[in-house]
Every structure is written in structure tokens, then in C-alpha cells.
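I have placed the structure first, in the form of C-alpha cells, so that the comments after it can refer back to it.
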Amino acid sequence: MREARGADGVNPSPGNRWLPVCACPGGRMEQAGDALEEVLSKALSQRSLTLGVYEAAKLLNVDPDNVVLCLLAADEEEEGDAALQIHFTLIQAFCCENDINILRVNNPARLAQLLLPAAGPGPPADLHCVLVTNPHASQWKDPALSQLMCFCRESRYMDQWVPVINLPER
20 MREARGADGV NPSPGNRWLP VCACPGGRME QAGDALEEVL SKALSQRSLT
70 LGVYEAAKLL NVDPDNVVLC LLAADEEEEG DAALQIHFTL IQAFCCENDI
120 NILRVNNPAR LAQLLLPAAG PGPPADLHCV LVTNPHASQW KDPALSQLMC
170 FCRESRYMDQ WVPVINLPER
């Protein structure tokens with residue numbers, strides 16, 4: 020883990036080290052997975068999800084300030100898909116530049132179980148990229164979203180810019 024450096028490039032004194040803003044209790048990944056499931060459930064009911072790489076790119080281009088979370092999901096077979104990985108890299112760079120929290124979901128089948136009702140009839144939805152948007156700022160002051168933001172912030176502090184999260188099987 021790298022230490023923060025002061026404005027002059029020198030390590031701060033031990034008493035002045037930068038610390039994460041929040042301290043999530045132990046079991047970070049399990050709790051973050053539960054929180055993600057809750058956030059997705061609420062976002063689904065509030066119709067504040069954008070599904071698919073192409074649709075996500077369009078929304079990010081038009082209204083990045085309204086996006087509170089970006090999820091990237093691919094199974095082991097898709098990890099070797101060069102085109103998909105290029106899309107992921109571009110989306111990650113855009114999200115980092117616009118201070119949008121990003122999570123990588125390592126079990127896209129569970130993500131599909133949670134979100135397929137959002138796709139409706141027709142061809143299967145592209146769940147490689149899922150954006151959670153902020154419909155009304157006052158509604159998003161919930162503990163589950165705060166816990167996810169904390170998880171992302173602490174992960175960045177540990178140089179994990181795109182943390183991997185596991186959605187719990189039910």
C-alpha cells in the first residue's frame with residue numbers, strides 16, 4: 020500500500036497520514052455484495068438502471084453527473100473477448116475521470132437473475148455494463164448505497180481502482 024504524499028511530495032508525518040473517510044466493518048466483500056443487491060433492487064423498482072455497454076456509453080456521454088455507480092460484468096469465457104475488454108477499459112477511464120464509482124461483478128449469472136425483469140420481453144439484455152442513476156438526490160441517501168460508496172473509496176485507498184465484488188447466491 021502506498022503512502023499519501025504531501026503537496027511538496029514528501030511523506031507526511033505519521034500523525035498526518037491520509038486515512039480513508041469511512042471505515043467499513045469486517046467482511047467487506049460480503050457486506051458490499053449484500054448492499055449491491057439492495058441498491059440494484061431499489062434502482063430496479065425506481066427505473067433508474069441503464070443496461071448494456073452501448074446504452075451506458077450514450078448515457079455517460081450525455082449525463083455523467085446523474086450516474087452514481089457503474090457495474091462491469093463478464094464471465095470467465097468473456098474475459099478473453101478483446102472487444103469487450105476495450106469497451107470496459109474505455110468505460111473505466113471515463114468513470115474515473117468523472118468520479119463515478121465502478122465495481123466489477125464476478126458472477127454475471129446472479130446479476131442476470133436480479134435484473135432480467137428490467138429487460139422485459141424481447142432479446143436478452145446486455146448486462147456487461149449496468150449504470151445506476153440518481154433519480155432524486157434525496158431518495159439516494161440510503162445505507163446500502165453509502166456502504167457501497169465506502170467500499171469503493173476504501174478499495175481505491177488500497178490501489179484497487181475497480182474492485183471485484185461477489186453477489187451472494189440465493
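First residue of the sequence shown: 20, per our numbering; consecutive thereafter. For glycine and all other residues, C-beta sits at the position ideal for the given N, C-alpha and C.
Check residue i in the structure and name its three-state DSSP category.
| i | result |
| --- | --- |
| E150 | The residue you asked about is not Glu; residue 150 is Leu in the sequence shown. Strand, per DSSP. |
| L70 | strand |
| V40 | Residue placement at V40 is flagged as unreliable, the pLDDT there being 41, under the threshold of 50; the coordinate-derived value follows with that caveat. If DSSP states are grouped into helix, strand and coil, V40 belongs with coil. |
| L88 | strand |
| R189 | coil |
| I184 | strand |
| N120 | strand |
| N125 | coil |
| A144 | coil |
| E96 | coil |
| D82 | coil |
Smallest Cα separation from residue i: which of the options?
| i | options | result |
| --- | --- | --- |
| A93 | R189, V183, P187, E188 | V183 |
| Q132 | V58, G52, E188 | E188 |
| A76 | C171, S165, L109 | L109 |
If you drop the 5 nearest sequence neighbours on each side, which residues of the same chain put their C-beta closer than 8 Å to that of residue i?
| i | result |
| --- | --- |
| L103 | V72, A93, E97, H147 |
| C115 | I121, W180 |
Excluding sequence positions up to five away, which residues of its chain have a Cβ less than 6 Å from the Cβ of residue i?
| i | result |
| --- | --- |
| F113 | L79 |
| P83 | N117 |
| I119 | V86, C89 |
Quick one: measure Cβ to Cβ for residue i and residue j, integer angstroms, because I've assumed they're closer than 8 Å.
| i | j | result |
| --- | --- | --- |
| L68 | L150 | 7 Å |
| G166 | Q50 | Contrary to the premise, residue 166 reads as Gln rather than Gly in this sequence. Going by Cβ atoms, the distance from Q166 to Q50 rounds to 6 Å, so yes, they are a contact pair. |
| D161 | L70 | Wrong, their Cβ atoms sit about 21 Å apart, outside the cutoff. |
So, for residue i: in the same chain, excluding its five sequence neighbours on each side, which residues have a beta-carbon less than 7 Å away from its beta-carbon?
| i | result |
| --- | --- |
| E57 | A163 |
| F107 | L91 |
Can you find a CB in chain C that lies within less than 8 Å of the CB of residue i?
| i | result |
| --- | --- |
| F107 | No chain C appears in the structure shown, which is made up of a single protein chain. |
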